[in-house]
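Scroll down for the structure; my scribbles are underneath it.
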Amino acid sequence: MTQKLPPLYDQLEVEPDRYIPLEHISYGGDDPHSHVLNPDNEAEAEALVGSDYPYIDHSFYYKFWNFLYYLQSRTLINFLQYFRYGFRLKGKENITKNKHLFKNGAMTVCNHVFRWDMSGVFTAIGWRQLRFPIWRGQMAGKDARRMHTMGGIPIPASVSDMKKFYEALDYYHQKGYWIHFFAEESRWEFYTPIRPFKKGAFNFAMRLNVPIIPMAYSYRERTGILKWFGKEACVTLNVGEPILPNPEITDKRAQIDDMRRRCHEAMVKLAGIKKNPWTYNQTEK
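Numbering (my numbering), first residue to last: 16 to 300.
Okay, here's the thing in structure tokens:
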């Protein structure tokens, strides 16, 4: 029996050395930003992520668990992910050789494709501190405490609370933390194409005046001893060259759009995709 392909996979073409997993995939159909995990907890999450939510948390509880998760992600999880997902890292030299560009910090952008994908980003950036926006629905899920104390900052539903969200990102940037965005917005498990990007990450990169480091997961077939530790595809995190604003573009909006396009193109290439079915701005009206 021939397995039914996800939508648009008939338009997908990858390099010969790349693997397209066809099992354990989740996807949201025509809307590339739709949330397919924990879809029923939105109301509960909105109640939790309200005006009283500690977007900047100075409590001892937070600092204690943040330290433990920070240490855990750089040690134990760093080790376990090699067995659980066959994790490999390529292109880390694009970070180490460009340290001179990161004096004011940096932003990392990656495709959002499996539960531990944030751990791979931590591995890539080393011992740097990181903060990252997360979908508020996660604050009502089983990973809520872990996401919060690892550095996740939920995106609020109300416009009035967005000011606190941006103030938190500004605060941590000023403290020297790097910022991470999943520009696709939602997590689609083991989905191969690079989906369209939301503008927010690139608006913020321009606002903070930081370079963008594109990263993209690609997949490998699980073989050998790794079959003992899971059934999903193995993953490789590919790190690209930093992306800077084009000084020849004087219009700010055009400059933001140019960085978004170049980041999308870089991630498509890093993922080993020759023909990607989504454009970087496909969802814009």
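Using N, Cα and C, we set each Cβ at its ideal position, and we do this for glycine too.
Among Met133, Lys190, Leu86, nearest to Val124 - alpha-carbon criterion: Met133
Burial state of Leu184 (16 or more Cβ within 10 Å): buried
CA-to-CA distance, Arg237 to Glu38, given in whole angstroms: 12 Å
Collapsed DSSP secondary structure at Tyr34 in the structure displayed: DSSP places Tyr34 in coil when its eight states are reduced to three.
Contact set for Phe180: own chain, Cβ-Cβ below 7 Å, skip 5 residues either direction: Counting only Cβ-Cβ distances below 7 Å, and skipping sequence neighbours, we find Tyr70, Ile168, Ile170, Pro171.
Range covered by the alpha helix (DSSP H) that runs through Arg210: It is not in any alpha helix (DSSP H) - Arg210 carries neither H nor E in the DSSP assignment.
Status (buried if at least 16 other CB within 10 Å, exposed otherwise) for Ile227: buried
Assigned secondary structure, Glu247 (DSSP; H/G/I helix, E/B strand, else coil): In the three-state scheme derived from DSSP, where H, G and I count as helix and E and B as strand, Glu247 is classed as coil.
Residues bridged to Thr123 [DSSP beta-bridge criterion]: According to DSSP, Thr123 bridges with His195, Ile228.
Unbroken beta strand (DSSP E) run spanning Arg4, endpoints: In the structure displayed, the chain extends from 16 to 300; residue 4 sits before or after that span and is not available.
Stretch-stretch touch, CB-based, cutoff 8 Å, three pairs: the region 87 to 106 with the region 183 to 201: no
Opening and closing residue of the alpha helix (DSSP H) in which Leu86 lies: 75 to 89
Euclidean distance between Cα positions of Leu241 and Ser88: 21 Å
Pick from Ala231, Tyr77, Pro260 that is closest to His163, judged by C-alpha positions: Tyr77
Unbroken alpha helix (DSSP H) run spanning Leu184, endpoints: 174 to 189
Counted within 10 angstroms of its Cβ, other Cβ atoms place His311 as buried (16 or more) or exposed: Summary: the structure shown does not reach residue 311, with the chain confined to residues 16 through 300, and so no result is reported for it.
8 Å contact criterion, which Ile264 and Arg277 should meet: CB distance rounded: The pair is not a contact, with the Cβ atoms about 11 Å apart (cut-off 8 Å).
For Val254: DSSP bridge partner residues: Met230
The region 214 to 230 in contact with the region 275 to 290 per 3-pair CB rule at 8 Å: Touching, yes, given that three or more Cβ pairs across the two stretches are closer than 8 Å.
Backbone secondary structure at Gly101 - three-state DSSP: The answer is coil: DSSP assigns Gly101 none of H, G, I, E or B.
Inter-residue Cα distance where the pair is Lys105 and Thr111: 12 Å
Nearest to Asp72 (by Cα), restricted to the options Asp266, Glu299, Arg146, Lys267: Of Asp266, Glu299, Arg146, Lys267, the residue nearest in Cα terms is Arg146.
Pro169 - partner residues in DSSP beta bridges: Ile149
Paired residues, beta bridge with Val1 - DSSP: For residue 1 there is no data in the structure shown, the boundaries of the chain being 16 and 300.
Supposed close pair Pro36, Phe244 - CB separation, criterion 8 Å: Not really, about 16 Å apart at Cβ, beyond 8 Å.
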